[in-house]
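Sequential numbering from 1 applies to the sequence shown in the UniProt record's numbering. Just below is one structure, and these are the notes that go with it.
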Amino acid sequence: MIHTTKYKPRVYPYLNTNAANQIDRLQDMTASITMNRTKIEEIGRSGLIDWRVGNPSVTLTLRQLEYGTMQFWQDLRNTGSADVKINFNEFDIPKVDIAGYETDQNDSFKSTIWYPGLRLSGFSLNIGDPDSLVERTFTLIGEDEITLQGDNKYLVVYDSGSASGGSPESFTIANPTPVADPDNSGQFLFKVTRYNTSDGTTTLLNFEAGAGDPALGSDYYTYSAGTLKATTSASDEIRAYYSAGAFTSGEQTFTNNDTDAAGLEAKMCSIFLQTTNYLYRLQSVSIDVTLDRFDVREIGDKDVIQTGVRDVTTRATLGRILDQWTVEEVLRGEVPDYGKLDIRKFQDEKSLLVYIYSDDVKNVFRLGYKLTDLAPVGVDDATPLNEYVTRGVTLEGELGFVTNDVNEM
């Protein structure tokens with residue numbers, strides 16, 4: 001059996017040259033898979049003709065404690081540590097592979113569960129109550145789940161570093177040596193990508209059989225006996241995804257992160273409406289962002305060939321014990337204690353700011369979320385017997401970002 005303490009999650013960004021990372025502070029990782037198989041029947045026949053096999057639909061949900069770093073955001077965005085502000089509308093093209101490395105209770109490594117080609121379809125930030133830990137949840141979609149076991153039990157990603165440039169250039173893959181793909185005779189590498197420094201794009205290279213130089217074009221590669229050959233320009237970067245019986249020597253699938261916060265709490269947060277209006281008596285804050293994805297296939301190809309996002313919807317719900325009317329005053333666009341707060345006169349284009357600090361003294365800023373151009377879409381009043389009156393306000397918009405630079409807020 002495999003306990004969660006022996007399950008090591010890692011993320012592999014697809015674009016650019018960003019390195020793989022372990023996924024810290026993960027609390028739950030759930031895959032929901034629909035096989036999309038359809039019965040084919042016909043009039044006049046009792047029973048099935050056959051099954052139509054469609055592309056599977058994979059939804060992977062990851063729930064993390066908020067621990068005040070941008071790393072996983074940068075992984076999902078396929079950018080590096082220099083990216084201090086990530087807009088919610090920047091996830092149309094980025095993709096990641098996520099892998100779980102599994103060891104059983106006898107410390108015997110068993111398998112890797114691999115989810116390739118995932119795209120972000122939504123996320124949420126939740127502050128459940130004044131005593132809670134802040135949580136963030138990411139939802140990603142794809143088409144594949146692959147279990148690697150036996151001689152193929154480790155997923156390994158080779159990174160060439162900065163290429164010298166050649167037509168082709170040869171790369172030695174030996175740490176560890178790739179094991180043959182049991183589904184594809186003569187192939188050892190699941191996929192090979194080339195980051196092009198000239199235009200900043202990442203190209204998925206096609207496999208060409210044989211040990212010689214690729215002859216079918218610059219977007220092809222060959223592989224034989226530990227040598228990969230592909231056309232490169234100086235400073236390009238080649239990555240090869242493959243399976244092996246061991247992980248990369250000198251590297252670990254997961255190491256304990258005792259440097260960052262274990263988890264940041266509700267008491268370490270400050271919530272503002274319109275920059276300067278601090279919200280008191282808040283009992284809960286939830287932010288939900290949905291990406292309406294438009295990932296394109298074409299006739300003659302089983303895979304997604306291009307990715308996009310039609311629209312982004314941001315929604316924030318503020319739940320509070322009714323004591324002050326700051327939220328309504330801001331939505332009304334009036335000063336404190338304004339005498340009449342009519343919901344028909346609530347204004348649009350408001351901003352919600354969530355500041356998260358390292359502790360409850362709030363001297364060291366860690367992470368911030370900002371939603372802009374919000375409109376009020378709902379109000380909920382609750383007056384239960386023998387309880388205090390509560391009120392919830394829901395705001396909706398399309399724009400927002402996350403940042404670790406307080407000056408961006």
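We put the beta carbon where it would ideally sit given N, CA and C, even for glycine. What you are looking at is a predicted structure, and each value in this text was computed from that prediction instead of being measured.
**Request:** Identify whether N407 lies in helix, strand or coil by the three-state DSSP scheme.
**Result:** In the sequence shown, counting from the first residue as 1, residue 407 sits at position 407. N407: helix per DSSP, three-state reduction.
**Item:** Own chain residues within Cβ distance below 6 angstroms of A211, not counting five before or after
**Value:** Within the sequence shown, numbered from 1, the residue matching residue 211 stands at position 211. Answer for A211: S224, listed in chain order.
**Request:** State yes or no: is the C-beta of I86 within less than 8 angstroms of the C-beta of V402?
**Result:** The residue labelled residue 86 in the question sits at position 86 within the sequence shown. The residue labelled residue 402 in the question sits at position 402 within the sequence shown. Yes. Within cutoff.
**Message:** Let me confirm a value: P178 is counted as buried when at least 16 other C-beta atoms fall within 10 Å, else exposed. Which label applies?
**Reply:** Along the sequence shown, one-based indexing puts residue 178 at 178. P178 is buried by the Cβ-count criterion.
**Beta carbon of E237 nearer than 8 angstroms to that of T17** = Taking the first residue of the sequence shown as 1, we reach residue 237 at position 237. Taking the first residue of the sequence shown as 1, we reach residue 17 at position 17. Yes, they are a contact pair.
**Prompt:** Is V96 buried or exposed, if buried means 16 or more other CB atoms sit within 10 Å of its CB?
**Reply:** Position 96 of the sequence shown, counted from the first residue, corresponds to residue 96. By the neighbour-count rule (16 or more Cβ atoms within 10 Å), V96 is buried.
**Asked** Which one or two residues does DSSP pair with S160 in a beta bridge?
**Response** One-based indexing of the sequence shown puts residue 160 at position 160. None; S160 has no bridge partner.
**Item:** Complete beta strand (DSSP E) runs within the segment 51-92 (minimum length 3 residues, chain order)
**Value:** 57-65 and 85-87
**Request:** Tell me the start and end of each unbroken beta strand (DSSP E) in the segment 335-372 that is at least 3 residues and wholly inside, in chain order.
**Result:** 350-357
**Item:** Cβ separation of F365 and V309, assumed to be a contact under 8 angstroms, to the nearest whole Å
**Value:** As a first step, residue 365 must be located in the sequence shown, where it is residue number 365. As a first step, residue 309 must be located in the sequence shown, where it is residue number 309. At roughly 29 angstroms, the Cβ-Cβ gap does not stay under 8 angstroms, so F365 and V309 are not in contact.
**Item:** Nearest-angstrom Cα separation, counted from S235 out to E169
**Value:** Numbered from its first residue, the sequence shown carries residue 169 at position 169. Numbered from its first residue, the sequence shown carries residue 235 at position 235. Cα to Cα, the separation comes out at about 12 angstroms.
**Prompt:** Span of the alpha helix (DSSP H) holding V330?
**Reply:** As a working note, residue 330 is residue 330 in the sequence shown. Unbroken alpha helix (DSSP H) run through V330: T326 to R332.
**Prompt:** Skipping 5 residues on each side, what residues in its chain have a beta carbon closer than 6 angstroms to that of L216?
**Reply:** Against the sequence shown, residue 216 aligns to sequence position 216. E208.
**Request:** Please check the pair S286 and N126, which I expect to be a contact at CB under 8 angstroms, by giving their CB distance rounded to whole angstroms.
**Result:** Along the sequence shown, one-based indexing puts residue 286 at 286. Along the sequence shown, one-based indexing puts residue 126 at 126. With a Cβ gap of about 5 angstroms, S286 and N126 count as contacting.
**Asked** When you compare each of A82, A19, P94 and N21 to Q306 by their alpha carbons, which one comes out closest?
**Response** By one-based count along the sequence shown, residue 306 stands at place 306. Q306 has its Cα closest to that of P94, out of A82, A19, P94 and N21.
**Request:** Assess, as a yes-or-no matter, whether the segment 136-151 is touched by the segment 103-119 under the definition of 3 or more beta carbon pairs within less than 8 angstroms.
**Result:** yes
**Request:** Could you have a look at K267 and say whether DSSP puts it in helix, strand or coil?
**Result:** Against the sequence shown, residue 267 aligns to sequence position 267. K267 falls in the helix class under three-state DSSP.
**Asked** Taking Cβ positions, are L62 and R25 nearer each other than 8 angstroms?
**Response** Position 62 of the sequence shown, counting from 1, holds the residue named residue 62. Position 25 of the sequence shown, counting from 1, holds the residue named residue 25. The answer is no: Cβ separation not under 8 angstroms.
**Message:** With H, G and I counted as helix, E and B as strand and the rest as coil, what does DSSP make of residue 419?
**Reply:** The structure shown does not extend to residue 419, since the chain is modelled only from 1 to 409, so the question has no answer here.
**Request:** Alpha carbon to alpha carbon, how far is K153 from S111? Give it in angstroms, no decimals.
**Result:** Here residue 111 corresponds to residue number 111 of the sequence shown, with the count starting at 1. Here residue 153 corresponds to residue number 153 of the sequence shown, with the count starting at 1. Their backbone Cα atoms lie some 5 angstroms apart in a straight line.
**Prompt:** Across which residues does DSSP place I146 in a beta bridge pair?
**Reply:** Translated into the one-based positions of the sequence shown, residue 146 becomes position 146. W114.
**Asked** Quick one: what's V192 bridged to in DSSP?
**Response** Indexing the sequence shown from 1 puts residue 192 at position 192. Looking at the DSSP assignment, V192 forms a beta bridge with L205 and A240.
**Request:** Specify, as a first and last residue, the run of the beta strand (DSSP E) that I40 falls within.
**Result:** One-based indexing of the sequence shown puts residue 40 at position 40. R37 to I40 is the span of the beta strand (DSSP E), which, as asked, contains I40.
**Prompt:** How would you label Q27, buried or exposed, when you count the other beta carbons within 10 angstroms and need 16 or more for buried?
**Reply:** Mapped onto the sequence shown, residue 27 falls at position 27. When all chains shown are included, Q27 counts as exposed.
**Asked** In three-state terms, what does DSSP make of T17?
**Response** Along the sequence shown, one-based indexing puts residue 17 at 17. The answer is coil: DSSP assigns T17 none of H, G, I, E or B.
**Item:** Segment contact, 8 angstroms Cβ cut-off, at least three pairs: the segment 99-108 with the segment 67-76
**Value:** no
**Request:** Have a look at L133 and T69 and give me their C-alpha separation to the nearest angstrom.
**Result:** Here residue 133 refers to the residue found at position 133 of the sequence shown. Here residue 69 refers to the residue found at position 69 of the sequence shown. Going from the Cα of L133 to the Cα of T69 covers about 15 angstroms.
**Request:** Give me the Cα-Cα distance between A246 and A382, rounded to the nearest whole angstrom.
**Result:** Within the sequence shown, residue 246 is the residue found at index 246, counting from 1. Within the sequence shown, residue 382 is the residue found at index 382, counting from 1. One C-alpha to the other measures close to 58 angstroms.
**Message:** Rounded to whole angstroms, what is the Cα-Cα separation between I2 and T253?
**Reply:** Here residue 2 refers to the residue found at position 2 of the sequence shown. Here residue 253 refers to the residue found at position 253 of the sequence shown. Distance between the alpha carbons of I2 and T253: 16 angstroms.
**Item:** Closest by C-alpha distance to D303, when choosing among R320, N206, N55 and T255
**Value:** The residue you call residue 303 lines up with position 303 of the sequence shown. Nearest C-alpha to D303: N55.
**Asked** Helix, strand or coil: how does DSSP classify T248 here?
**Response** Residue mapping note: residue 248 aligns to position 248 of the sequence shown, counting from 1. Here T248 sits in coil by DSSP.
**Prompt:** For T103, which of helix, strand or coil comes out of DSSP?
**Reply:** What you label residue 103 is simply residue 103 of the sequence shown in a count that begins at 1. Three-state result, T103: strand.
**Request:** Give the straight-line distance between the Cα atoms of Q283 and Y195, rounded to the nearest whole angstrom.
**Result:** The count along the sequence shown starts at 1 and reaches residue 283 at position 283. The count along the sequence shown starts at 1 and reaches residue 195 at position 195. Those two C-alpha atoms are separated by around 47 angstroms.
**Prompt:** Helix or strand or just coil, what does DSSP make of K302?
**Reply:** By one-based count along the sequence shown, residue 302 stands at place 302. Reduced to three states, the DSSP call for K302 is coil.
**Asked** Going straight from the alpha carbon of E328 to that of K340, what length do you get?
**Response** Working through the sequence shown from its first residue, we reach residue 328 at position 328. Working through the sequence shown from its first residue, we reach residue 340 at position 340. C-alpha separation (whole angstroms): 10 angstroms.
**Asked** With distances taken from CA atoms, which of S57, L291, T231 and D83 is nearest F138?
**Response** Within the sequence shown, residue 138 is the residue found at index 138, counting from 1. For the residues S57, L291, T231 and D83, the minimum Cα distance to F138 belongs to L291.
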